[in-house]
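Enquirer: This is the structure, below, for whatever I ask next.
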Amino acid sequence: MTLLPDSLPDAEAQCQQLAEAIRPSLSKNPALVGIFSGGVWIAERLRALLGLADEIGMIDVSFYRDDFAEKGLHPQCRPTTIPFDVQDRHIILVDDVLYTGRTTRAAINELFDYGRPASVQLAVLADRGGRELPIDKSFEAWEVTLGEGANLVLESNPQGLLAWRLENA
Amino acid sequence: MHNPQLNKNGELTHLLSTEGLPAAILTQILDTAASFMEVSSRDVKKVPLLRGKSVFNLFFENSTRTRTTFEIAAKRLSADVINLDITRSSTAKGETLLDTIDNLCAMDANLFVVRHASSGAPYLIAEHLRKIGRDDIHVVNAGDGRHAHPTQGLLDMYTIRHYKKDFTQLRVAIVGDILHSRVARSDIHALTTLGVPEVRAIGPETLLPKYLDKLGVHVYHDMAAGLRDCDVVIMLRLQNERMNGALLPSAGEYFRHYGLTPQMLAQAKPDAIVMHPGPMNRGVEIHSAVADGPQAVILPQVTFGIAVRMAVMSIVAGN
Chain A
158 MTLLPDSLPD AEAQCQQLAE AIRPSLSKNP ALVGIFSGGV WIAERLRALL GLADEIGMID
218 VSFYRDDFAE KGLHPQCRPT TIPFDVQDRH IILVDDVLYT GRTTRAAINE LFDYGRPASV
278 QLAVLADRGG RELPIDKSFE AWEVTLGEGA NLVLESNPQG LLAWRLENA
Chain B
239 MHNPQLNKNG ELTHLLSTEG LPAAILTQIL DTAASFMEVS SRDVKKVPLL RGKSVFNLFF
299 ENSTRTRTTF EIAAKRLSAD VINLDITRSS TAKGETLLDT IDNLCAMDAN LFVVRHASSG
359 APYLIAEHLR KIGRDDIHVV NAGDGRHAHP TQGLLDMYTI RHYKKDFTQL RVAIVGDILH
419 SRVARSDIHA LTTLGVPEVR AIGPETLLPK YLDKLGVHVY HDMAAGLRDC DVVIMLRLQN
479 ERMNGALLPS AGEYFRHYGL TPQMLAQAKP DAIVMHPGPM NRGVEIHSAV ADGPQAVILP
539 QVTFGIAVRM AVMSIVAGN
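Which chain is which? The protein sequence lines are A and B, in order.
Position one of the first sequence corresponds to residue 158 (this note's numbering), numbered consecutively onward.
Position one of the second sequence corresponds to residue 239 (this note's numbering), numbered consecutively onward.
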């Protein structure tokens with residue numbers, strides 16, 4: 158199936174879908190950690206939709222990436238902030254697109270430098286397949302197949318609303 | 239003109255001087271350092287970026303603070319750090335600098351941190367590495383002669399940005415022995431590139447170089463006039479050996495004219511910060527009441543220096 162740019166789903170509606178998928182797990186008092194940039198936007202929405210007390214954590218995986226030797230340091234890295242104690246906490250990592258799984262691997266490694274969580278789950282807005290590591294999501298809003306040259310990008314528009322954009326290399 | 243610090247894509251591959259670096263690269267280093275500040279505040283103060291890399295600290299001239307902070311920075315990046323005790327090494331036995339480098343390359347060095355009494359020594363090493371085709375080995379200048387001390391310059395910029403947020407409204411005074419100071423030179427180039435509108439140099443005529451006006455620096459021989467309405471005061475160390483020569487009459491005389499006392503500091507803005515690259519000579523260039531006072535940010539400079547050196551090493555090692 159070819160995905161046409163004008164048929165992209167509503168990312169804001171997908172955030173609500175994702176929140177509903179997570180809601181049954183709230184009894185474990187999970188804390189959200191968004192992966193920059195898209196994951197942080199989504200985690201902020203999930204926190205509001207689910208009424209979570211804890212501020213969200215934010216991870217920039219630049220210092221943990223496995224392609225440092227090829228690509229060098231990302232020119233714009235932002236500080237990671239984890240405003241709660243990771244030790245023994247149920248953590249939900251949040252990202253926009255799950256693809257190779259390498260970013261998730263890096264984020265899990267970074268998270269463990271803050272402590273030993275009770276569990277780590279992964280919530281993504283879109284799973285586009287193409288995994289290169291044994292990593293899977295726990296919650297998702299959208300499963301989509303894309304060609305290898307395609308790049309699915311989550312953007313925050315000037316009104317602050319999330320929207321998908323499809324790039325073709 | 240070929241800039242030996244940049245690769246063909248214009249990325250930083252050696253850090254030799256703040257001179258000639260575009261504002262975008264200086265800002266990238268400061269932004270990256272901000273991320274490393276967070277790493278240094280964790281329980282596990284380590285990231286895996288330079289895992290398996292070897293960093294050689296080559297200090298041909300003594301330094302405790304700079305060498306230690308480079309070592310801490312490299313270790314927090316997970317690199318292996320080798321400190322060479324040069325005074326007891328082959329150099330003392332007559333080996334040339336470049337022979338030493340070739341030998342360390344044969345030991346699979348990835349990054350050299352170089353302090354040398356001769357201006358230009360790190361350039362010589364970088365040029366040599368280019369000639370022998372070792373673009374994968376990087377050089378960071380940790381102070382060369384009177385020429386440059388770029389990581390100190392950058393940590394000073396980090397400190398200023400941390401407390402003052404914006405460079406483009408500031409009046410910055412550098413006080414003391416600017417003639418012999420590689421820190422002052424690195425600061426002046428970085429301040430100018432980052433858009434500081436007014437940089438002042440304060441000191442006796444014998445300790446101020448002639449080229450300052452060419453760099454756009456305003457020269458003051460009167461300390462009180464020079465400090466007036468400044469936002470940032472950078473004190474420089476007065477090296478003991480200068481005080482006995484023809485350049486200065488005595489330490490006491492120097493302190494009377496150019497020592498930063500609370501009364502002198504009152505000439506600057508009330509929220510001015512006081513910086514010093516260390517080691518300080520209390521009672522020579524700075525009064526203890528200022529050094530230990532609320533406007534001094536001398537110890538935060540040291541902490542910021544680790545994050546800035548982590549940023550520099552990880553950026554060059556990746557390019």
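All residues carry an ideal CB built from backbone N, CA and C; glycine is no exception.
On a predicted model such as this, the values are computed, not experimentally measured, just so you know.
Does any CB atom of chain A fall closer than 8 Å to the CB of residue 292 of chain B?
Expert: Along the second sequence, read from residue 1 onward, the residue named residue 292 of chain B stands at position 54. It does not; no Cβ of chain A falls within 8 Å.
Enquirer: Whose Cβ in chain B lies nearer than 9 Å to the Cβ of residue 221 of chain A?
Expert: Counting from 1 along the first sequence, the entry for residue 221 of chain A is found at position 64. Going along chain B in sequence order, the residues near residue 221 of chain A (Cβ under 9 Å) are 285, 286 and 287.
Enquirer: Provide the residue(s) that pair with residue 382 of chain B in DSSP beta bridges, ordered along the chain.
Expert: Residue numbering aside, residue 382 of chain B sits at position 144 when the second sequence is read from its first letter. Its beta-bridge partners are B/354 and B/386.
Enquirer: Below 7 Å CB to CB, which residues in the same chain sit around residue 355 of chain B once its five sequence neighbours on both sides are set aside?
Expert: Here residue 355 of chain B refers to the residue found at position 117 when the second sequence is read from its first residue. Excluding positions up to five away in sequence, the list reads 298, 299 and 383.
Enquirer: Please report the Cβ distance between residue 204 of chain A and residue 244 of chain A, rounded to the nearest whole angstrom; I am assuming they are in contact, meaning their Cβ atoms lie under 8 Å.
Expert: Position 47 of the first sequence, counting from 1, holds the residue named residue 204 of chain A. Position 87 of the first sequence, counting from 1, holds the residue named residue 244 of chain A. With a Cβ gap of about 21 Å, residue 204 of chain A and residue 244 of chain A do not count as contacting.
Enquirer: Using a Cβ cut-off of 8 Å, pull out every chain A residue sitting near residue 280 of chain B, in sequence order please.
Expert: Residue numbering aside, residue 280 of chain B sits at position 42 when the second sequence is read from its first letter. Those are 270 and 271, listed as they occur along chain A.
Enquirer: Which runs of the alpha helix (DSSP H) spanning at least 4 residues fall entirely within the segment 403-435 of chain B, listed in chain order?
Expert: Taking only runs of at least 4 residues, the alpha helix (DSSP H) segments lying wholly in the segment 403-435 of chain B are 420-431.
Enquirer: Between residue 158 of chain A and chain B, is there a C-beta pair that is closer than 8 Å?
Expert: As a first step, residue 158 of chain A must be located in the first sequence, where it is residue number 1. Annotation note: pLDDT 47 at residue 158 of chain A (below 50); position unreliable, no value reported.
Enquirer: Measuring only between beta-carbons, confirm whether residue 295 of chain B sits less than 8 Å from chain A.
Expert: The residue given as residue 295 of chain B occupies position 57 in the second sequence. Chain A, which has no Cβ nearer than 8 Å to the Cβ of residue 295 of chain B, makes this no.
Enquirer: According to DSSP, residue 531 of chain B sits in a beta bridge with which residue or residues?
Expert: Looking up residue 531 of chain B in the second sequence gives position 293. Partner(s): none; residue 531 of chain B has no beta bridge.
Enquirer: Is the shortest distance between the beta-carbon of residue 267 of chain B and the beta-carbons of chain A less than 8 Å?
Expert: In the second sequence, the residue the question calls residue 267 of chain B occupies position 29. No, its Cβ sits nowhere closer than 8 Å to a Cβ of chain A.
Enquirer: Can at least three beta-carbon pairs, one atom from the segment 386-396 of chain B and one from the segment 258-268 of chain B, be found at a separation below 8 Å?
Expert: Yes, the segment 386-396 of chain B touches the segment 258-268 of chain B.
Enquirer: If we count Cβ pairs, one from each stretch, closer than 8 Å, do we get three or more for the segment 240-254 of chain A versus the segment 269-283 of chain A?
Expert: Short answer: they touch.
Enquirer: What are the boundary residues of the alpha helix (DSSP H) that includes residue 340 of chain B?
Expert: Here residue 340 of chain B is taken as the residue at index 102 of the second sequence, counted from 1. Run containing residue 340 of chain B: 335-344, per the alpha helix (DSSP H) assignment.
Enquirer: With burial defined as no fewer than 16 other Cβ atoms inside 10 Å of the residue's Cβ, what is the status of residue 367 of chain B: buried or exposed?
Expert: In the second sequence, the residue the question calls residue 367 of chain B occupies position 129. Answer is buried; the Cβ neighbour count reaches 16.
Enquirer: Residues of chain A with a CB under 9 Å from the CB of residue 277 of chain B: which are they?
Expert: On the second sequence, position 39 is the one that residue 277 of chain B refers to. In chain order: 220, 236, 237 and 270.
Enquirer: Quick check on this structure: which residue in B/332, B/336, B/337 and B/351 has the alpha carbon closest to the alpha carbon of residue 320 of chain B?
Expert: Here the question's residue 320 of chain B lines up with position 82 in the second sequence. When each option's Cα is compared against that of residue 320 of chain B, the closest is B/351.
Enquirer: With a cut-off of 8 Å, does the C-beta of residue 339 of chain B fall near any C-beta of chain A?
Expert: The sequence position of residue 339 of chain B within the second sequence is 101, counting from 1. With 8 Å as the cut-off, residue 339 of chain B does not count as an interface residue toward chain A.
Enquirer: Quick check: is the beta carbon of residue 356 of chain B nearer than 8 Å to any beta carbon in chain A?
Expert: For this step, residue 356 of chain B is matched to residue 118 along the second sequence. No, residue 356 of chain B lies away from the interface with chain A (no Cβ there is under 8 Å from its Cβ).
Enquirer: Classify residue 289 of chain B as buried or exposed, calling it buried when 16 or more other Cβ atoms lie within 10 Å of its own Cβ.
Expert: Within the second sequence, residue 289 of chain B is the residue found at index 51, counting from 1. Result: exposed.
Enquirer: According to the neighbour-count rule (16 or more other Cβ atoms, all chains shown, within 10 Å of its Cβ), is residue 375 of chain B buried or exposed?
Expert: Counting from 1 along the second sequence, the entry for residue 375 of chain B is found at position 137. Counting Cβ neighbours within 10 Å, residue 375 of chain B comes out buried, since at least 16 surround it.
Enquirer: On a CA-only basis, which of B/458, B/314 and B/499 is nearest residue 292 of chain B? Give me that one, please.
Expert: Position 54 of the second sequence, counted from the start, is the residue given in the question as residue 292 of chain B. That would be B/314, whose Cα lies nearest to the Cα of residue 292 of chain B.
Enquirer: Taking only three categories from DSSP, how would you classify residue 375 of chain B?
Expert: To locate residue 375 of chain B, count along the second sequence from 1; it is residue 137. Of the three classes helix, strand and coil, the one that applies to residue 375 of chain B here is coil, per DSSP.
Enquirer: Is DSSP giving residue 231 of chain A helix, strand or coil here?
Expert: Along the first sequence, one-based indexing puts residue 231 of chain A at 74. Coil, per DSSP.
Enquirer: Please list the partners that residue 444 of chain B has in chain A, where partner means a Cβ-to-Cβ separation under 7 Å.
Expert: In the second sequence, counting from the first residue as 1, residue 444 of chain B sits at position 206. Those do not exist, as residue 444 of chain B stays about 44 Å from chain A at its closest Cβ, beyond 7 Å.
Enquirer: Could you have a look at residue 238 of chain A and say whether DSSP puts it in helix, strand or coil?
Expert: The sequence position of residue 238 of chain A within the first sequence is 81, counting from 1. DSSP places residue 238 of chain A in strand when its eight states are reduced to three.
Enquirer: By the criterion of Cβ-Cβ separation under 7 Å, what are the contact partners of residue 232 of chain A in chain B?
Expert: Sequence index remark: in the first sequence, residue 232 of chain A carries index 75 (1-based). Chain B residues near residue 232 of chain A: 266.
Enquirer: I think residue 515 of chain B touches residue 407 of chain B, with their Cβ atoms under 8 Å apart; what is that distance to the nearest whole Å?
Expert: Sequence index remark: in the second sequence, residue 515 of chain B carries index 277 (1-based). Sequence index remark: in the second sequence, residue 407 of chain B carries index 169 (1-based). Not quite, the Cβ-Cβ distance comes to about 24 Å (not below 8 Å), so this is no contact.
Enquirer: Here's the rule I'm using: 16 or more other beta-carbon atoms within 10 Å means buried, otherwise exposed. How should residue 304 of chain B be labelled?
Expert: If you number the second sequence from 1, residue 304 of chain B lands on position 66. With 16 or more other Cβ atoms within 10 Å, it is buried.
Enquirer: With DSSP run on the structure shown, which of helix, strand or coil describes residue 318 of chain B?
Expert: As a working note, residue 318 of chain B is residue 80 in the second sequence. Strand, per DSSP.
Enquirer: Is residue 277 of chain A closer than 8 Å to residue 248 of chain A when the C-beta atoms are compared?
Expert: The sequence position of residue 248 of chain A within the first sequence is 91, counting from 1. The sequence position of residue 277 of chain A within the first sequence is 120, counting from 1. Yes, these two residues count as a Cβ contact at 8 Å.
Enquirer: Label residue 261 of chain B either buried or exposed according to how many other C-beta atoms from any shown protein chain fall within 10 Å of its C-beta, with 16 as the threshold for buried.
Expert: Numbered from its first residue, the second sequence carries residue 261 of chain B at position 23. Residue 261 of chain B is exposed by the Cβ-count criterion.
Enquirer: From this set, B/503, B/242 and B/504, which residue's C-alpha is nearest residue 369 of chain B's C-alpha?
Expert: For the purposes of this step, residue 369 of chain B is identified with residue 131 of the second sequence, where counting begins at 1. Per the Cα distances, B/242.
Enquirer: Would you mind telling me which residues of chain B sit closer than 7 Å to residue 217 of chain A, beta carbon to beta carbon, in chain order?
Expert: Residue numbering aside, residue 217 of chain A sits at position 60 when the first sequence is read from its first letter. 273, listed in chain order.
Enquirer: Which chain A residues sit within Cβ distance under 7 Å of residue 562 of chain B?
Expert: An answer regarding residue 562 of chain B cannot be provided, because it is not within the stretch 239 to 557 covered by chain B.
Enquirer: So what does residue 192 of chain A bridge to, in DSSP terms?
Expert: On the first sequence, residue 192 of chain A is found 35 positions in, with the first residue counted as 1. Looking at the DSSP assignment, residue 192 of chain A forms a beta bridge with A/216.
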